[in-house]
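Report on the structure given below.
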Amino acid sequence: MHDMLVRLYDLPDETSRVMALRGAGIEVRRALAPERHVVVSWVRQQFGDGWASECEVGFARQPISCFRAQRGQEVLGFACYDTTAKAFFGPTGVLERERRQGIGTALLLVTLRAMAAEGYAYAIIGGVGPADFYAKAVGAVPIASSTPGIYANLLRGGRRPGQKA
């Protein structure tokens, strides 16, 4: 899996997507410190220890570099940045049954917009799985010679990043 590069100065507007989700009862926003235990536990349960570790790093930053989507008291998805390395987007994930509603795209856009607001001109999406999604959503392009990238020789505890515990 290769890395991809995103131009943060040329992002599509996320407002209409976030408002449409809000109209459907789904809130997308930056996480708050008191939500740490809920979000990190959810990420661990849904996506495994590796992503939960990265999510914990996001909660240790100020401002918190983790966004989440929720319906009522249920977490539906999350996205982080600056957790594995500076200027890196991810990890990110949405409950399988909630996919294809625009939640992942909204999380991607609000997170990348936050990175731009902090002064980044570009974001790196590391070890990309759904390359076509990122290319279509934000014009991400592959970074040549980026495999295996920063995740080479990662201590995994027997699991791949994103693999459920």
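Residue numbers (the numbering used here): 4 to 168. Positions of the beta carbon are idealized from the N, C-alpha and C atoms, including for glycine. As the structure is a prediction and not an experimental result, all values here were calculated from the model.
In whole angstroms, what is the alpha-carbon distance linking Ala109 and Leu158?
-> Here residue 109 refers to the residue found at position 106 when the sequence shown is read from its first residue. Here residue 158 refers to the residue found at position 155 when the sequence shown is read from its first residue. Roughly 31 Å between the two C-alpha positions.
CB of Gly96 within 9 Å of CB of His5, strictly | On the sequence shown, residue 96 is found 93 positions in, with the first residue counted as 1. On the sequence shown, residue 5 is found 2 positions in, with the first residue counted as 1. Taking 9 Å as the Cβ cut-off, Gly96 and His5 do not qualify as a contacting pair.
Val1: buried (16+ other C-beta within 10 angstroms of its C-beta) or exposed?
-> Because the chain here runs from 4 to 168, residue 1 falls outside it and cannot be looked at.
Alpha-carbon spacing of Val31 relative to Ala147, whole angstroms = Along the sequence shown, one-based indexing puts residue 31 at 28. Along the sequence shown, one-based indexing puts residue 147 at 144. Whole-angstrom Cα-Cα distance: 33 Å.
Quick one: Cα of Ser119 to Cα of Gln65, how far?
-> One-based indexing of the sequence shown puts residue 119 at position 116. One-based indexing of the sequence shown puts residue 65 at position 62. The question names Ser, yet the displayed sequence has Ala at residue 119. C-alpha separation (whole angstroms): 16 Å.
Identify the residues that DSSP records as bridge partners of Glu77: which are they?
-> Locating residue 77 in the sequence shown gives position 74, counting from the first residue. DSSP lists Arg74 as partners of Glu77.
Quick one: grab the DSSP three-state call for Ile146.
-> For the purposes of this step, residue 146 is taken as the residue at position 143 of the sequence shown. If DSSP states are grouped into helix, strand and coil, Ile146 belongs with coil.
DSSP puts Cys83 in a beta bridge; with which residues?
-> Position 80 of the sequence shown, counted from the first residue, corresponds to residue 83. In DSSP, Cys83 forms a bridge with Cys69.
Rounded distance between the beta-carbons of Leu24 and Gly107, thought under 8 Å | As a working mapping, residue 107 is identified with position 104 in the sequence shown. As a working mapping, residue 24 is identified with position 21 in the sequence shown. So it is not a contact: roughly 11 Å between Cβ atoms.
Among Ala138, Gly130 and Ala143, which has the Cα closest to the Cα of Thr150?
-> Within the sequence shown, numbered from 1, the residue matching residue 150 stands at position 147. Checked all of Ala138, Gly130 and Ala143; the closest Cα to Thr150 is Gly130.
Check whether Glu38 and Arg71 have beta carbons under 9 Å apart | As a first step, residue 38 must be located in the sequence shown, where it is residue number 35. As a first step, residue 71 must be located in the sequence shown, where it is residue number 68. Cβ atoms of Glu38 and Arg71: closer than 9 Å.
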